[in-house]
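The numbering used here puts the first residue of the sequence shown at 8, with every later residue one more than the last. Virtual Cβ for every residue (Gly too), placed ideally from N, Cα, C. Just so you know, these numbers come straight off a predicted model, no measurement behind them. Accompanying notes for the structure given below.
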Amino acid sequence: MDLINFLFPKECLECKDTGRYICSNCVQKVRVGGLVEIGNLKVYSVWKYEGVIRKAIISLKYKFATEIAEELTVNISNYLPLKSKSYILAPIPMHWHKKNIRGFNQTEIIGEKLAKIMDWKYIPNLLLKKSKSLPQVGLKSEVRRENLSGVFEINSEIKISKTSKILLFDDVLTTGSTIVEATKVLKSSGFNNIIGLTIAR
8 MDLINFLFPK ECLECKDTGR YICSNCVQKV RVGGLVEIGN LKVYSVWKYE GVIRKAIISL
68 KYKFATEIAE ELTVNISNYL PLKSKSYILA PIPMHWHKKN IRGFNQTEII GEKLAKIMDW
128 KYIPNLLLKK SKSLPQVGLK SEVRRENLSG VFEINSEIKI SKTSKILLFD DVLTTGSTIV
188 EATKVLKSSG FNNIIGLTIA R
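Listed below in structure tokens is the structure:
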């Protein structure tokens, strides 16, 4: 054990047991998110947005911590039923201005780690967010859709087969407005084999 862990031992974000930020007992208590269909898009969420998973996502979203990201990614890979190696993982992008202010996009970082574990191809900039939008938290579903209309565009510099299996990756699924809008852009560019993947919903 190094000095930092000795002086400041890791505690589970939920039960406060020492050793890990996300302990196995607390993960097992979180319900499976499962598969839902929004419009014509199938979206798989690993968990419900509750318990230790909710606390881990909040910790990452507003104060990125590398070790929490590592533990969360390993847990995602253990609970994920998508085992095929033929997927391309593309994270939902963040506008460059917001990313510069925050200093990171947690979806990109976890997506890259997950793709490496699962042996998937990772393309972080398949989609670009060309304009800023209001924060989605607290907005009604109709307002969310209007808020995101036209904010994404395909990156014309990325050349991949239109038959590629795309996993659109985001952290939390609420109304589905974000992932559906991103899917529309991909489909308008000729991609039709798309599945949504989120950590929780």
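Simplified DSSP assignment, three categories, for residue i
i      : result
VAL53  : strand
THR114 : helix
ALA97  : strand
Through-space distance from residue j to residue i, alpha-carbon basis
i      : j      : result
ASP5   : CYS33  : Any property of residue 5 remains undetermined from this structure, which presents the chain solely from 8 to 208.
ARG151 : VAL192 : Note on ARG151: pLDDT 49, under 50, position unreliable in the model; the coordinate value appears next. One C-alpha to the other measures close to 17 angstroms.
VAL20  : ILE83  : What sits at residue 20 in the sequence shown is Leu, not Val. Roughly 16 angstroms between the two C-alpha positions.
GLN113 : ILE130 : 15 angstroms
ASP177 : ALA189 : 11 angstroms
LYS166 : LEU204 : 22 angstroms
ILE60  : ASN200 : 28 angstroms
VAL39  : SER66  : 20 angstroms
GLY41  : ILE206 : 10 angstroms
TYR69  : ALA63  : 10 angstroms
From the options, residue whose alpha carbon lies closest to that of residue i
i      : options                       : result
LEU133 : ASN199, LEU89 and LEU175      : LEU175
PRO16  : ILE64, ALA63, LYS49 and GLU74 : GLU74
Sequence-distant residues of its chain with Cβ nearer than 6 angstroms to residue i (five each side left out)
i      : result
GLU160 : LEU135 and LYS137
Beta-carbon contacts of residue i that lie in its chain and below 7 angstroms, excluding the five residues immediately before and after
i      : result
ALA72  : SER66
SER196 : ILE161
Residues near residue i by beta carbon distance below 8 angstroms, same chain, minus five either side
i      : result
PHE198 : LYS169, SER171 and ILE173
Margin query: Between the region 39-54 and the region 182-192, can you find at least three pairs of beta-carbon atoms closer than 8 angstroms?
Written below: They touch, by the three-pair rule.
Notebook entry, point to check: Using 8 angstroms as the Cβ pair cut-off and three pairs as the minimum, do the region 79-98 and the region 113-124 touch?
Noted result: Taking 8 angstroms as the limit for Cβ pairs, the verdict is that the region 113-124 does touch the region 79-98.
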